[in-house]
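Undergrad: This structure is in structure tokens; I'll ask about it shortly.
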Amino acid sequence: MRSGPREITTPFRPIPLTVPEGMKPNEFFNSTENLNDLAHNNGLLQNPEGLLLYRKALGHSNAFDASIIYNTSRSILDPLGRPVRRSQVPEGVKNVWNRMNQIIFAYMLEIYPDPDSHLVMTGEASLDATWPLTSPGVPSIRMLHNHFIAFDKTELDAAPLADSDNPNLTDGGQHSLFQAHMRDVYRAFFDGLDLRILRPCQSGSCRIALTGYPQGLPSWEVQGGAEALQEVRFWEEYDTVLKGFLDFYRTFFGQVSTRNAPPPEGIHFPDLVKNRLLHNNDFLRTAKMVRDQCITDAKYANSIRWQPAFKQLIYRNDVGQLIVTISQNSIGNAITELLGVVVQRRPDAEAYGRAEPALIEKLLEVRRRLVEADLGSGIATPYWPAD
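Each residue of the sequence shown is one higher than the one before, counting from -18 in our numbering.
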């Protein structure tokens, strides 16, 4: 078996949307009108908390691919005012969202029980508008959403190797500022978090042999496997990892922006920040290095994401363990690229049509389980009924 990142091509049915004249696509995708189309043509389930389960029209995989979006498009019209990370979601909404995550991921593990056959993953990304506003990379739908994806490993094995120098591949290891210059500081900071269900991975155990990824990212084994996802404590620890990352990121780029800056307001772990970051020479030396380059290199400074940008996911490794990892999303990698899978999407209605019946059957079954658990009601579209 060759080991290396893979590049797959996924067909999709072209979306019948017309972007109004004078609007850029990313501007239109932030609109309420686009979200209406998402619900009416691809929506599977919605609930009073504003969570919408939908089929991915531009999917990563046609084996299994769905998302839940916290649809605040009508209640918050300003795209820059919408929640874009778990830490900004009201507790009641987050509780429902966690239960939905658990049921969907458990279903994926049920239908894909063999780690040698399928790579399964779920996770979410920061959608903060931390790109330059003139860049085409400004987030397309600025609302918190996550992904549920399964890849057939036979297809991945047959796929061509991706360019290992592709900057969108995992930004741990060769690309990440954190990993390249202050790896020990980063790990020591996470080691200070109160984690009981999440246990740091042993060296190499989190990596997918087929792709060789993830690379250089802090990762934790979920003790208790899929059953642990039913525990409130697991989701609290999942949030703790995110909060720790946010504190590290905000503190670091605060120092980059302003020499000897005080700790950021509203940090979650002030003692950790004080004792393990603001008195660490490697941490502050790296901040100076980045600050000096920003002053002299306009292009480099323009590429900095001053606010936290990340991707956090749960996936199954080669021996069936569930792993949690988080990535400094400094470049813009897709969530699948954390695991070494580069997806190229191709408009091909006929090829998509061949995969669609089996995909829809799975999505409707997981919807049935969510309805049964009182997590929402079905949505009717041209492709399926409401029940």
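The C-beta atom is built at its ideal place from N, Cα and C for all residues, glycine as well.
Predicted, not measured: the structure shown is a model, and the values here were computed from it.
#1: Can the beta-carbon of residue 328 be found less than 8 Å from the beta-carbon of residue -7?
#2: Could you give the residue range of the alpha helix (DSSP H) that holds residue 17?
#3: By Cβ distance, which residues of its chain are closer than 7 Å to residue 19, with the 5 residues on each side in sequence left out?
#4: Alpha carbon to alpha carbon, what distance is there between residue 3 and residue 217?
#5: I need the DSSP call for residue 250, collapsed to helix, strand or coil.
#6: Roughly how many whole angstroms lie between the Cα atoms of residue 196 and residue 345?
#7: Measuring only between beta-carbons, confirm whether residue 34 sits less than 8 Å from chain C.
#8: Would you decide whether residue 276 is buried or exposed? Buried here means 16 or more other CB atoms lie within 10 Å of its CB.
#9: Looking at the unbroken alpha helix (DSSP H) that takes in residue 214, where does it start and where does it end?
#10: State the Cα-Cα distance for the pair residue 335 and residue 176, rounded to the nearest angstrom.
#11: Among the residues of its own chain, which have a CB less than 7 Å from the CB of residue 316, if the five just before and after it don't count?
#12: Nearest-angstrom Cα distance between residue 1 and residue 15?
#13: To the nearest whole angstrom, what separates the beta carbons of residue 58 and residue 207, a pair I think is in contact under 8 Å?
#14: At the level of alpha carbons, what is the spacing between residue 203 and residue 178?
#15: Taking only the alpha-carbon atoms, compute the straight-line gap between residue 244 and residue 238 and give it to the nearest angstrom.
#16: Less than 8 Å separating the beta-carbons of residue 192 and residue 55?
#17: Just how far apart, CA to CA, sit residue 274 and residue 261?
#18: Quick check: the Cα distance between residue 43 and residue 337, rounded to an integer number of angstroms?
#19: Using the C-alpha atoms, what's the distance from residue 73 back to residue 30?
#20: Identify whether residue 320 lies in helix, strand or coil by the three-state DSSP scheme.
#21: When we look at the beta-carbon of residue 186 and count the other beta-carbons within 10 Å, is it buried (16 or more) or exposed?
#22: Determine whether the beta carbon atoms of residue 163 and residue 356 lie at a separation below 8 Å.
#23: Here's a check: name, in chain order, each residue in its chain whose Cβ is nearer than 7 Å to the Cβ of residue 24, leaving out the five neighbours to either side.
#24: Return the CA-CA distance between residue 339 and residue 364, expressed in angstroms with no decimal places.
#25: Residue 153: buried (16+ other C-beta within 10 angstroms of its C-beta) or exposed?
#26: Go ahead and pull the three-state DSSP assignment for residue 204.
#27: Under the DSSP definition of a beta bridge, which residues are partnered with residue 50?
#28: Do you know how far the Cα of residue 5 is from the Cα of residue 118?
#29: Excluding the five sequence neighbours on either side, which residues of its own chain have a C-beta within less than 6 Å of the C-beta of residue 155, listed in chain order?
#30: Quick one: residues in its chain with C-beta nearer than 6 Å to the C-beta of residue 264, no 5 flanking neighbours on either side, listed in chain order?
#31: Give me the DSSP bridge partner(s) of residue 131.
#32: For residue 247, does the count of other Cβ atoms within 10 angstroms reach 16, so buried, or fall short, so exposed?
#33: Would you call the stretch 65 to 72 and the stretch 218 to 235 in contact, with 3 or more CB pairs under 8 Å?
#34: Applying the 10 Å Cβ sphere with the 16-neighbour rule, what's the burial state of residue 141?
#35: Quick one: what's residue -7 bridged to in DSSP?
#36: Does residue 106 come out as helix, strand or coil in the three-state DSSP assignment?
TA: Per the coordinate set shown:
#1: For residue 328 and residue -7, yes; Cβs fall inside 8 Å.
#2: That run of the alpha helix (DSSP H) goes 13 to 23.
#3: Closer than 7 Å at Cβ, skipping near neighbours: 35.
#4: Computed Cα separation, rounded: 44 Å.
#5: Three-state DSSP puts residue 250 in coil, outside helix and strand.
#6: Their backbone Cα atoms lie some 35 Å apart in a straight line.
#7: Although the question refers to chain C, the structure presented lacks it and comprises just one protein chain.
#8: Residue 276 comes out exposed.
#9: Start and end: 213 to 238.
#10: The straight-line gap separating the alpha-carbon atoms of residue 335 and residue 176 is approximately 45 Å.
#11: Cβ within range, chain order: 104, 106, 128, 292, 294.
#12: Cα to Cα, residue 1 sits roughly 11 Å from residue 15.
#13: Rounded, the Cβ-Cβ distance is 39 Å, inconsistent with contact.
#14: Rounded to whole angstroms, the gap between the alpha carbons of residue 203 and residue 178 is 6 Å.
#15: Their Cα atoms are separated by approximately 12 Å.
#16: For residue 192 and residue 55, no; Cβs fall outside 8 Å.
#17: Answer to the nearest angstrom: the Cα atoms are 21 Å apart.
#18: A straight line joining the alpha-carbon of residue 43 with that of residue 337 spans about 7 Å.
#19: Distance between the alpha carbons of residue 30 and residue 73: 8 Å.
#20: If DSSP states are grouped into helix, strand and coil, residue 320 belongs with the helices.
#21: Burial call: exposed.
#22: No, Cβ-Cβ distance for residue 163 and residue 356 is not below 8 Å.
#23: Cβ neighbours of residue 24 beyond the five flanking positions: 33, 35, 360, 362.
#24: About 13 Å.
#25: Interpretation of residue 153 is limited by its pLDDT of 47, a score under 50 that renders its predicted location unreliable; the figure taken from the coordinates is listed afterwards. The residue is buried, with at least 16 neighbouring Cβ atoms inside 10 Å.
#26: Correct three-state label for residue 204: coil.
#27: Paired residues: 33, 126.
#28: With a pLDDT of only 48 at residue 118, under 50, the local geometry of the prediction cannot be trusted, and the value read off the model is given with reservation. Rounded to whole angstroms, the gap between the alpha carbons of residue 118 and residue 5 is 12 Å.
#29: Reliability fails at residue 155, whose pLDDT of 43 lies under 50, so the model's placement of it is uncertain and no value is given.
#30: By the criterion of a C-beta distance shorter than 6 Å, residue 264 is surrounded in its chain by 163, 166, 258, once the five residues flanking it on both sides are discounted.
#31: Looking at the DSSP assignment, residue 131 forms a beta bridge with 45, 101.
#32: Burial call: exposed.
#33: Yes, the stretch 65 to 72 is in contact with the stretch 218 to 235.
#34: Around the beta-carbon of residue 141, fewer than 16 other beta-carbon atoms lie within 10 Å, marking it exposed.
#35: Bridge partners of residue -7: 328.
#36: In the three-state reduction of the DSSP assignment, residue 106 falls in the strand class, which pools E and B.
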